[in-house]
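Chemist: Provided herewith is a single structure, encoded as structure tokens, for subsequent inquiry.
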Amino acid sequence: MDNSSFISRARKKVKEGLSVDDLIRKLIAFSDSLEKGENTIFEQLNDLYFLYYPEAADKLKERDSFIKILKESCDRKSVSEKTEVSAESMGYDFEEEDIQLLSLSINEISNIADLRKIVNDRLHDIVKKNYPNLTAVLGAEIAARAIYLAGSAYSLMLMPSSKIQVLGAEKAMFAARKKKATPKYGVIYNHELMISVPDNLKGKTAKIIAAYSSLAAKTDVLSKEDKSGKIMEKMLKDINKAREKNGT
Amino acid sequence: MELKRVMDRVYWLFDKRRTLVTLSAYGSNSVYGEKVFNVDGKIYREWIPYRSKFASAFYKGLNGVDIRDSYKVLYLGASSGTTVSHVSDIIGVTGQVYAVEIAEEMAVSLILLSEERRNIFPIVDDARKPENYSDYVPKCDLLYQDVAQRDQTEIFIKNAELFLKSGKIGIFAVKTRSIDVSMDPREVVRNETRKLREKFDIVREINLYPYQKDHSLLILRKK
């Protein structure tokens with residue numbers, strides 16, 4: 140018996156089964172590992188730079204400022220002008236080759252940072268285009284992450300909103316099996332509305348946002364219409380109501 | 008190097024340490040990075056216990072199951088085809104292994120493998136719904152399941168009812184952690200075997216530690 144009919148059927152199934160959600164998932168994973176790599180390289184590089192110019196390296200513990208200041212040139216003279224650290228250093232004097240190596244590495248890490256930005260922008264575009272309602276409620280970044288954690292937009296849609304609320308807090312959720320309180324929020328914690336809300340309302344706000352993102356996910360997957368205006372209006376009304384009740 | 012037969016087309020290869028190998032039915036290509044040995048002009052592929060639950064059962068003392076040349080095998084949870092490739096070795100070019108996998112990305116490697124090994128019949132479908140593929144899968148001589156789902160026992164019984172000939176063997180990899188995380192693993196296996204007893208005789212139960220964590224392999228015979 141020949142298996143070619145099985146192969147063509149299976150090939151078709153795979154082709155149909157892959158969707159934009161898979162792209163979203165992969166891009167998130169890619170962006171995460173880029174960030175991770177960026178951080179590790181930065182740490183090592185900062186450490187290396189510390190040997191040459193400890194006074195400046197100590198001041199440039201932030202990744203972005205480190206890259207920004209050292210990108211053009213990283214010898215003591217030009218760095219000391221930019222950072223107002225004295226050019227007199229107790230560090231080890233590098234040879235020209237070593238300094239070149241340093242600037243080459245800093246260029247690389249800056250390239251990675253640029254790439255990550257491009258990946259993120261593209262990711263946000265994709266999410267916004269395909270899931271307008273969910274993006275309106277959660278913001279592109281969190282919407283993408285919610286889809287990533289749920290596996291697909293379809294399974295996100297099937298989830299009860301209480302589960303959406305704690306997406307990304309699986310560890311705390313499992314800890315809650317052994318005493319301990321259940322978590323109030325997962326990835327939703329980074330939502331822009333959560334920042335302005337007082338601490339005692341954070342749980343409630345997370346609940347409201349989760350409820351509306353469940354609604355938005357259903358709208359996106361099932362009707363594919365953009366009703367984000369209406370949904371947002373209702374959500375903000377609910378949140379304001381909760382705030383008024385709280386007296387803030 | 009010395010070969011010792013375990014069962015048809017499966018051997019222990021003694022060379023410093025013992026290695027489980029299958030006699031390759033399709034050339035000398037390595038499928039997933041396993042070692043390939045050439046003994047007296049015949050090609051043997053290493054069967055790695057850490058990669059395949061079936062292989063680890065042999066390392067844990069299994070000395071043969073009813074699977075041989077020209078058998079039809081239904082394999083649920085084929086993944087990327089690691090174990091499937093060895094099953095395909097054992098049943099030979101005249102056998103048929105129907106490999107069911109639901110995850111598209113995993114299925115891609117399985118499909119590519121089946122293009123090389125023409126006795127693998129890939130099916131991209133949900134093993135929970137055997138009626139989806141019952142139209143084109145015949146009655147089988149062996150049912151192998153490794154799906155790591157909470158309802159894996161029900162999946163196994165459903166498929167065995169539809170596809171397994173009576174008196175034939177079913178091999179069932181129980182992942183205790185996917186059935187219940189908090190329960191004692193031995194308790195889980197006991198519960199599952201209780202469900203299976205109605206329709207199967209339990210031939211053997213093999214704990215796969217240390218090759219696979221929290222896994223047991225049940226060898227069952229359909230009544």
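If you read the sequences in order, they're chains A and B.
Note that the working numbering has the first sequence beginning at 140, numbered continuously upward.
Note that the working numbering has the second sequence beginning at 8, numbered continuously upward.
No residue lacks a Cβ here, since even glycine has one placed at the ideal position from N, Cα and C.
1) Okay, do the segment 95 to 105 of chain B and the segment 73 to 85 of chain B touch, 3+ Cβ pairs below 8 angstroms being the bar?
2) In this structure, does DSSP put Thr160 (chain B) in helix, strand or coil?
3) Does Gln159 (chain B) pass the burial test, meaning 16 or more other C-beta atoms within 10 Å, or should it be called exposed?
4) To the nearest angstrom, how far is the alpha carbon of Ser353 (chain A) from that of Leu340 (chain A)?
5) Which whole-angstrom value describes the C-beta separation of Phe205 (chain A) and Phe169 (chain A), a residue pair presumed to lie in contact below a C-beta threshold of 8 angstroms?
6) Assuming Ala134 (chain B) contacts Ile97 (chain B) under a Cβ cut-off of 8 angstroms, what Cβ separation, rounded to an integer in Å, is found between them?
7) Once DSSP output is grouped into helix, strand and coil, what is the label at Ile130 (chain B)?
8) Met113 (chain B) and Ser87 (chain B) - do their beta-carbons sit closer together than 9 angstroms?
9) Going by the beta-carbon positions, is the gap between Thr208 (chain B) and Leu149 (chain B) smaller than 9 angstroms?
10) With DSSP as the reference, please indicate the residues paired to Gln103 (chain B) in a beta bridge.
11) Check whether chain A comes within 9 angstroms of Val154 (chain B), counting only Cβ atoms and requiring the distance to be less than that.
12) Check whether chain B comes within 9 angstroms of Met140 (chain A), counting only Cβ atoms and requiring the distance to be less than that.
13) Under three-state DSSP, which class holds Val336 (chain A)?
14) Counting only Cβ pairs nearer than 7 angstroms, list the residues of chain B close to Ala149 (chain A).
15) Who are the near neighbours of Ile167 (chain A) in its chain, counting only those whose CB is closer than 8 angstroms to its CB and skipping five residues on each side?
16) Would the segment 246 to 262 of chain A and the segment 331 to 350 of chain A be scored as touching if the rule is three or more Cβ pairs under 8 angstroms?
17) Compute the distance between the beta-carbons of Asn185 (chain A) and Arg125 (chain B), then report whether it is under 9 angstroms.
18) Which class does Thr321 (chain A) belong to by DSSP, given the choice of helix, strand or coil?
19) Which parts of the segment 193 to 268 of chain A are runs of the alpha helix (DSSP H), unbroken and 4 residues or longer, counting only runs that do not cross its ends?
20) Could I get the ranges of all uninterrupted beta strand (DSSP E) runs contained in the segment 22 to 53 of chain B, with 3 residues as the minimum, in chain order?
21) Flag this pair as yes or no: are the beta carbons of Lys216 (chain A) and Ile208 (chain A) separated by less than 9 angstroms?
22) Tell me the residue span of the beta strand (DSSP E) that contains Ala180 (chain B).
23) Going by alpha carbons, who is nearest to Gln304 (chain A) out of A:Thr321, A:Phe189, A:Lys357, A:Ile257?
24) With a threshold of 9 angstroms between beta carbons, is Ser244 (chain A) in contact with chain D?
25) Starting from Gln304 (chain A), follow the alpha helix (DSSP H) in both directions and report where the run begins and ends.
26) Express the C-alpha separation of Arg164 (chain A) and Asn272 (chain A) in angstroms, rounding to a whole number.
27) Between which two residues does the beta strand (DSSP E) carrying Leu150 (chain B) extend?
28) Name the two residues that bound the continuous beta strand (DSSP E) containing Ser59 (chain B).
29) Shortest alpha-carbon distance to Tyr57 (chain B) belongs to which of B:Glu122, B:Glu123, B:Pro217?
30) Please identify, using Cβ separations under 9 angstroms, the residues of the segment 196 to 220 of chain B that lie next to chain A, in order along the chain.
31) Would you kindly work out how many angstroms separate the C-alpha atoms of Ile176 (chain B) and Leu157 (chain A), rounded to a whole number?
32) For Asn198 (chain B) and Gln156 (chain B), what's the separation of their Cα atoms in angstroms?
Modeler: Inspection of the coordinates gives the following:
1) yes
2) helix
3) buried
4) 20 angstroms
5) No, Phe205 (chain A) and Phe169 (chain A) are not in contact; Cβ-Cβ is about 23 angstroms, not under 8 angstroms.
6) Rounded, the Cβ-Cβ distance is 21 angstroms, inconsistent with contact.
7) strand
8) yes
9) The sequence as given places Asp at residue 208 (chain B); Thr does not occur at that position. No.
10) B:Lys79
11) no
12) yes
13) coil
14) Ala114, Ile118, Pro129, Ile130, Val131
15) Leu262, Ala283, Arg284, Tyr287
16) no
17) no
18) coil
19) 193 to 198, 202 to 209, 215 to 222
20) 24 to 30, 43 to 46, 49 to 53
21) no
22) 171 to 182
23) A:Thr321
24) The structure shown contains no chain D; its protein chains are A and B.
25) 300 to 304
26) 19 angstroms
27) 147 to 152
28) Careful: Ser59 (chain B) lies outside any beta strand (DSSP E) and carries neither H nor E.
29) B:Pro217
30) none
31) 35 angstroms
32) 15 angstroms
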